[in-house]
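Number of protein chains: 2
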Amino acid sequence: MPAAPLRLGLAGLGTVGIGVVKILEREADLVAARAGRPVVITAVSARDRSKNRDADLSRFAWETDPVALASRDDIDVFVEVMGGHEGPARAATEAALAAGKDVVSANKALLAHHGQTLATQAEAKGATIRFEAAVAGGIPVIKALTEGLAGNRIKRVMGVMNGTCNYILTRMQAAGLPYDQVFEEARQLGYLEADPNLDVGGIDAGHKLSLLAAIAFGTQVAFDAVELEGIGNVSIDDIRLADEMGYRIKLLGVAQMTGRGLEQRMTPCLVPTESPFGPLMGGTNMVMLEGDSVGQIFLRGPGAGMGPTASAVMGDVIDIARGIRLPTFGLPAAQLTKPVPARSAAAAPYYLRMTLLDKPGALAKIATCLGEAGVSIDQMRQINQKGDEDDDAIVLIVTHKATPADISDAMARFGATGVLVGAPVAIRIEEV
Amino acid sequence: MPAAPLRLGLAGLGTVGIGVVKILEREADLVAARAGRPVVITAVSARDRSKNRDADLSRFAWETDPVALASRDDIDVFVEVMGGHEGPARAATEAALAAGKDVVSANKALLAHHGQTLATQAEAKGATIRFEAAVAGGIPVIKALTEGLAGNRIKRVMGVMNGTCNYILTRMQAAGLPYDQVFEEARQLGYLEADPNLDVGGIDAGHKLSLLAAIAFGTQVAFDAVELEGIGNVSIDDIRLADEMGYRIKLLGVAQMTGRGLEQRMTPCLVPTESPFGPLMGGTNMVMLEGDSVGQIFLRGPGAGMGPTASAVMGDVIDIARGIRLPTFGLPAAQLTKPVPARSAAAAPYYLRMTLLDKPGALAKIATCLGEAGVSIDQMRQINQKGDEDDDAIVLIVTHKATPADISDAMARFGATGVLVGAPVAIRIEEV
């Protein structure tokens, strides 16, 4: 008795959608063997039917409107790889759930903004939403967190989850080029979203972090509460000087539940070059999951691209074909608690860079400010520029562990000394 | 309507078993929320009831015989954390399956030797066998491979999967100590199995590799076909000299399907210090899964210990409680093909070390041997010992890519030159 095929409606025929088509063309038998039943695409949708897409789409029914696709009788699973957190993607996903279809989505923005509503809607209809492809590309991190580590109280989630930002930062370092120039390169290479701020502003990575945090801590997705800072202010000077002191700069996400509430931040941080995050180059992503029993698990792999993202979509599709059905965020939506957002308060070492006027006692004034703010110094280096006696000096300081509040206090005190040229830079050092 | 609890029978109250008891004591509510139903231990077994185990076992029924435990009416899942591939562990697992119980096992040896039989038996009874804890401790690698990467044709699996061996090798390197001394340290620290050859002979890691290979390539487990070489012959000289040339020595497993058959080897290899495997210290494990769509995924974490292994057991238990049921090796047992074992034939660079008599033309003879064997030289260093002119010289060579057969040919030719002191060493360099 051959099992009935699982029928997909595929909304979106960009890179990821075509990747899914290609896997099912190339490996239909392997997928059927693993899934226990054939997996077939029955219908697709995209805006422009005439576009050349390097794949034979002639045997699929065509819908111009993804909402119409979502509720077709001849699909079991709605696969959404269009993107956008409002508009057609949202309407079609809601239509699919209303029709009782399961949903596989690569849409981090949609889930970060409407995850709770969609999860509730899915449960009311007995449908399931899967979104492995929305976080960290081909790395099965949602599965590891929701299932593999289900016996753990999760203590912390960290991750480098935007390949474009990591490409820009590592390219700046490797080539010694300033941000603006590498940003332009990335744009020309097609690495940036249409709205580049989604990447370099940390928004895309913040979406992903908020999804992981919801699963990790059993809370409703709270993207609005993520402390976001993009990479636009990371200077080549800091990259170079940090490197000399044994650190790399990463756009690093950290989520943890503290006594004061849920901390979520996606900000540029220094990490030790020797740490697992240190050597991460280009578009590679890495996520660290820390559980009370398991300790720290690191998952590393390609964060984007046709193959990796389509691999994640297919993993979800095959799970559904195999009958694996879980609540969207690991717990029933009604059990997800509304998190109390908390600003990061945990102490960490900080990297400080400032330019001092060439005045007697300037450095002593800075040291005094730090002392008054309760911040102690681990390493200090003074770099006299160009060997010219009259030139201002760059001072680099690595502090011992200090709270963000103490660092803010010190920065305010620096301003009052009158010995600084320009604004000082402070970047948190995150040690795994 | 509260869901019925999932009832466990726990065979084995060593470190891992007690770890499971503690998680269920500490996090019963969290586990129940994630599993969708309570998870309880109803009965346990171990040889010695009177032993102090740092956990309250008084509310569990006690069986001295795990076979009796396995078929009790009041258990749904038989959790086997005893170890041993014959005797009580095998008998009890078979009894559990015969009684239609699901099985969660940490027993790599049992599955490596009897996986096909057990998988067939489980399917006949509609039972499921899960064994995340058997491979790479707390890292959810079985899940990543079987489920997350199910849409990929797997090209290669690599891994450092025996923490004791990695501890010994990295301790030798860090402290500059010879193998025998570090082996003794490891024994005193309790890191070694009762039969240390299971660890240092590569057998335990070979068991794990054979399980991953079965899932990756859809083949019957073929532990007997794993090329095994332990770490007993790795010298501190090679560790030190390789380090100077930018390499680390690891007990590395590689499995891949080639046109000639299934290659599986677990042998000491050099890896570039800069590669993901290079910085792996102590008991940490790492597995690389390479799929045609996803590319390379690296998973890193603690390879053993109470918490990590109990975490893996609980992940499997919660999957079963959630109704996730898959064939043991990802495909129905009858569909797993019998693999044709193939010796490794792929070319790789090699590290060669030899001691040459202080004779004119000695080095030229070695170079000639390599040329005749079709092996070309990438790097060569000669180290004159102790600065004494009469002393023999150590020669280090890194070859360009060469096949194992060509290297064997060269090694045989070296022997015939009469210029070598002792036996030459050849170690494969595995570049990820």
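Chains as they are written, first to last, in the working numbering: chain A, 1 to 432; chain B, 433 to 864. Don't be surprised by glycine CBs; every beta carbon is placed ideally from N, CA and C.
{"Asked": "Return the first residue and the last residue of the beta strand (DSSP E) that residue 300 of chain A is part of.", "Found": "295 to 302"}
{"Asked": "Would you identify the three-state DSSP class for residue 769 of chain B, choosing helix, strand or coil?", "Found": "strand"}
{"Asked": "What does residue 751 of chain B touch in chain A if you count any residue whose Cβ is under 7 Å from its own?", "Found": "147"}
{"Asked": "Is the Cβ of residue 81 of chain A closer than 8 Å to any Cβ of chain B?", "Found": "no"}
{"Asked": "Between the stretch 193 to 209 of chain A and the stretch 260 to 280 of chain A, do at least 3 Cβ pairs fall closer than 8 Å?", "Found": "yes"}
{"Asked": "Note down, in chain order, every chain A residue with its Cβ under 9 Å from the Cβ of residue 706 of chain B.", "Found": "279"}
{"Asked": "For residue 256 of chain A, return the contacting residues in chain B, with the cut-off set at a CB-CB distance below 8 Å.", "Found": "Residues of chain B passing the Cβ test: none, with the nearest at roughly 16 Å."}
{"Asked": "Nearest CA to the CA of residue 433 of chain A: which residue from A:157, A:395 and A:35?", "Found": "Any question about residue 433 of chain A goes unanswered here, given that chain A covers just 1 to 432."}
{"Asked": "From residue 273 of chain A to residue 438 of chain B, what distance separates their C-alpha atoms?", "Found": "46 Å"}
{"Asked": "Suppose contacts are defined by Cβ-Cβ distances below 8 Å. Is residue 431 of chain A in contact with residue 275 of chain A by that definition?", "Found": "yes"}
{"Asked": "Just the C-alpha distance for residue 553 of chain B and residue 529 of chain B, rounded to the nearest angstrom, thanks.", "Found": "7 Å"}
{"Asked": "Three-state secondary structure (DSSP) at residue 620 of chain B?", "Found": "helix"}
{"Asked": "Alpha carbon to alpha carbon, how far is residue 695 of chain B from residue 260 of chain A? Give it in angstroms, no decimals.", "Found": "53 Å"}
{"Asked": "Excluding the 5 residues flanking residue 394 of chain A on each side, which residues of the same chain have their C-beta closer than 6 Å to its C-beta?", "Found": "355 and 383"}
{"Asked": "For a contact meaning CB atoms closer than 7 Å, what does residue 758 of chain B contact in chain A?", "Found": "322"}
{"Asked": "Which residue spans inside the stretch 352 to 418 of chain A form an unbroken alpha helix (DSSP H) run of at least 4?", "Found": "362 to 372 and 404 to 417"}
{"Asked": "Grab me the residues of residue 116 of chain A's own chain with a C-beta within less than 8 Å of its C-beta, minus the 5 sequence neighbours each way, in chain order.", "Found": "220, 221, 333 and 336"}
{"Asked": "For a test of the three-state rule: what should DSSP assign to residue 652 of chain B, helix, strand or coil?", "Found": "coil"}
{"Asked": "Taking 8 Å as the threshold (beta carbon to beta carbon), is residue 483 of chain B in contact with chain A?", "Found": "no"}
{"Asked": "Is there a C-beta anywhere in chain A that falls below 8 Å from the one on residue 615 of chain B?", "Found": "no"}
{"Asked": "Just to make sure I have the definition right: I need the residues of chain B whose C-beta is within less than 7 Å of the C-beta of residue 296 of chain A. Which are they?", "Found": "733"}
{"Asked": "For residue 289 of chain A, name the three-state secondary structure that DSSP assigns.", "Found": "strand"}
{"Asked": "If you measure from the beta carbon of residue 106 of chain A to each beta carbon in chain B, is any gap under 8 Å?", "Found": "no"}
{"Asked": "With a CB to CB cut of under 6 Å and the five nearest residues on each side skipped, what residues in its chain are close to residue 601 of chain B?", "Found": "681"}
{"Asked": "May I ask you to report which of helix, strand or coil DSSP gives residue 65 of chain A?", "Found": "coil"}
{"Asked": "Could you name the residues of the same chain whose beta carbon sits closer than 7 Å to that of residue 357 of chain A, not counting the 5 residues immediately before and after it, in chain order?", "Found": "392, 419 and 421"}
{"Asked": "Could you compute how far the alpha carbon of residue 50 of chain A sits from the alpha carbon of residue 91 of chain A?", "Found": "24 Å"}
{"Asked": "With residue 80 of chain A as the anchor, note down where its beta strand (DSSP E) starts and where it stops.", "Found": "77 to 80"}
{"Asked": "So, does the stretch 734 to 754 of chain B touch the stretch 603 to 617 of chain B, judging by three or more C-beta pairs under 8 Å?", "Found": "no"}
{"Asked": "What residues of chain B sit near residue 27 of chain A, judged by a beta carbon separation below 7 Å?", "Found": "585"}
{"Asked": "Taking the alpha carbon of residue 520 of chain A as the point to measure from, which residue in A:167, A:178 and A:80 has its own alpha carbon closest?", "Found": "Because chain A in this structure spans residues 1 to 432, residue 520 of chain A falls outside the shown range and cannot be described."}
{"Asked": "Between residue 215 of chain A and chain B, is the shortest Cβ-Cβ distance under 8 Å, so that the two count as touching?", "Found": "no"}
{"Asked": "Could you tell me the distance, in whole angstroms, from the CA atom of residue 415 of chain A to the CA atom of residue 371 of chain A?", "Found": "15 Å"}
{"Asked": "Restricting to Cα atoms, I'd like to know which of A:142, A:135, A:417 and A:193 is closest to residue 107 of chain A.", "Found": "A:135"}
{"Asked": "Taking the straight line between their C-alpha atoms, what separation do you get for residue 398 of chain A and residue 352 of chain A?", "Found": "6 Å"}
{"Asked": "Is it buried or exposed for residue 537 of chain B, if we count other Cβ within 10 angstroms and need 16 for buried?", "Found": "buried"}
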